[in-house]
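Beneath this line is the structure, given in structure tokens, with notes to follow.
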Amino acid sequence: MGKGNNIIPNGHFHKDWQKRVKTWFNQPARKERRRIARRNKALAIAPRPAAGRLRPQVRCQTFKYNTRLRQGRGFSLDELRAAGINKRYARSIGIAVDVRRRNKSVESLQLNVQRLKEYQGKLILFPKRLSKPAKGDATEEEMKLATQLKGKLLPLVEVRKPEKARAITEEERKVKCYDRLRQARAHQRLAGKRAKKAKEAGGDDPGKA
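Numbering (my numbering), first residue to last: 25 to 233.
Encoded structure:
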């Protein structure tokens, strides 16, 4: 029995725990299986890039992660239109398309249009029929030089400009951020009541009511 006001020992040590131990001895074999699957997939889609389709550059969701860049599901219709690429044609040349995605800023639209143009500039397009190549198809010399891309397809490059340290100005010291936030919240909360009051009084400016 333990000393003091402690928990009463009540151990259950008669269980057959040896049968319930989870082992991980197949880890090296699974690693090899994944490697073989990657190799077989790359061979099946050759000479197309082993990484798969080209995907857009998007921001992560929520305020916490929206500073991070990641690959999206597919390019929006506005981005394809700005780059001068048809939706069906884009899918046929290895560009992922997401018809539901919407562009919230001009910056993201321009970045992804530039990404599409860069991809088109590096693309070697094999003709469907060698006897009758279409406009923009690769020549025989270009097809001989074509090799499969093994790594990431146009990897994302995040450019961050760190702000240099500087002294705080007197004007910045006088600013009361907490008070500003409280006032902004109050204006937002009371906007409807103030507008209604101003309308009843016949005033023009609801903010002064």
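The C-beta atom is built at its ideal place from N, Cα and C for all residues, glycine as well.
*State the Cα-Cα distance for the pair Ala233 and Leu205, rounded to the nearest angstrom.*
For this step, residue 233 is matched to residue 209 along the sequence shown. For this step, residue 205 is matched to residue 181 along the sequence shown. Its pLDDT being 46, under 50, Ala233 is placed unreliably in this model, and the value from its coordinates should be taken loosely. If I take the Cα positions, the gap works out to 20 Å.
*Looking at C-alpha atoms only, which residue of Lys55, Ala189, Arg83 and Asn110 is the closest neighbour of Lys128?*
Counting from 1 along the sequence shown, the entry for residue 128 is found at position 104. The candidate whose alpha carbon is nearest that of Lys128 is Arg83.
*Is it true that the region 94-110 meets the region 45-56, where meeting means three or more beta-carbon pairs spaced less than 8 Å apart?*
no
*When you compare each of Ala70, Gly35, Ile32 and Asn29 to Met167 by their alpha carbons, which one comes out closest?*
Within the sequence shown, the letter at position 143 stands for residue 167. The shortest Cα separation from Met167 among Ala70, Gly35, Ile32 and Asn29 belongs to Ala70.
*When we look at the beta-carbon of Arg79 and count the other beta-carbons within 10 Å, is it buried (16 or more) or exposed?*
For the purposes of this step, residue 79 is taken as the residue at position 55 of the sequence shown. Counting Cβ neighbours within 10 Å, Arg79 comes out buried, since at least 16 surround it.
_Endpoints, beta strand (DSSP E) assigned at Arg94_ = Here the question's residue 94 lines up with position 70 in the sequence shown. Counting along the chain, the beta strand (DSSP E) containing Arg94 begins and ends at Leu93 to Gln95.
*Where Arg62 sits in the DSSP three-state scheme*: Translated into the one-based positions of the sequence shown, residue 62 becomes position 38. Residue state, collapsed to three classes: helix.
*To the nearest whole angstrom, what separates the beta carbons of Arg115 and Val121, a pair I think is in contact under 8 Å?*
As a working note, residue 115 is residue 91 in the sequence shown. As a working note, residue 121 is residue 97 in the sequence shown. So it is a contact: roughly 6 Å between Cβ atoms.
*Neighbourhood of Arg184 by C-beta distance below 6 Å, restricted to the same chain and skipping five residues each side*: Position 160 of the sequence shown holds residue 184. Nothing listed; no residue qualifies.
_Buried/exposed call for Arg112, threshold 16 Cβ in 10 Å_ = Working through the sequence shown from its first residue, we reach residue 112 at position 88. Exposed, by the Cβ-count rule.
_What does the Cβ neighbour count give for Asn34, buried or exposed, with the cut at 16 atoms within 10 Å?_
For the purposes of this step, residue 34 is taken as residue 10 along the sequence shown, with counting starting at 1. By the 10 Å Cβ count, Asn34 comes out exposed.
*asked:* Within 10 Å of its beta-carbon, does Arg197 have 16 or more other beta-carbons around it, so buried, or fewer, so exposed?
replied: Translated into positions along the sequence shown, residue 197 becomes position 173. Per the 10 Å Cβ criterion, exposed.
_Secondary structure of Ala233, DSSP reduced to three states_ = Here residue 233 refers to the residue found at position 209 when the sequence shown is read from its first residue. Residue placement at Ala233 cannot be trusted, given a pLDDT of 46 that sits under 50; the coordinates are not used to answer.
*asked:* List, from N- to C-terminal side, the beta strand (DSSP E) runs of 3 residues or more that fit wholly inside the region 93-178.
replied: 93-95
*Please state if the CB of Leu147 and the CB of Ala74 are separated by a distance shorter than 8 Å.*
Reading the sequence shown from its first residue, position 50 is the one you call residue 74. Reading the sequence shown from its first residue, position 123 is the one you call residue 147. No; because the gap between Cβ atoms is not below 8 Å, this pair is not in contact.
_Measuring only the C-alpha atoms, how far is Arg58 from Ala68?_
Along the sequence shown, read from residue 1 onward, the residue named residue 58 stands at position 34. Along the sequence shown, read from residue 1 onward, the residue named residue 68 stands at position 44. Their backbone Cα atoms lie some 15 Å apart in a straight line.
_Leu133 beta carbon less than 8 Å from that of Glu103_ = One-based indexing of the sequence shown puts residue 103 at position 79. One-based indexing of the sequence shown puts residue 133 at position 109. Yes, the pair counts as a contact, with Cβ atoms nearer than the cut-off.
*Distance, Cα to Cα, His211 vs Thr86?*
Taking the first residue of the sequence shown as position 1, residue 211 is located at position 187. Taking the first residue of the sequence shown as position 1, residue 86 is located at position 62. Rounded to the nearest angstrom, the two C-alpha atoms are 24 Å apart.
*Name, in chain order, the residues that DSSP records as bridge partners for Val82.*
Taking the sequence shown and counting its residues from 1, one reaches residue 82 at position 58. According to DSSP, Val82 bridges with Arg94.
*asked:* Tell me the DSSP secondary structure of Leu180 in three-state form.
replied: Working through the sequence shown from its first residue, we reach residue 180 at position 156. Looking at Leu180 - three-state DSSP - the assignment turns out to be coil, as it is neither helix nor strand.
*Sorted by chain position, which residues of the same chain lie with C-beta nearer than 6 Å to Leu135's C-beta, five sequence neighbours on each side aside?*
On the sequence shown, residue 135 is found 111 positions in, with the first residue counted as 1. Excluding sequence neighbours, Leu135 sits near Gln81.
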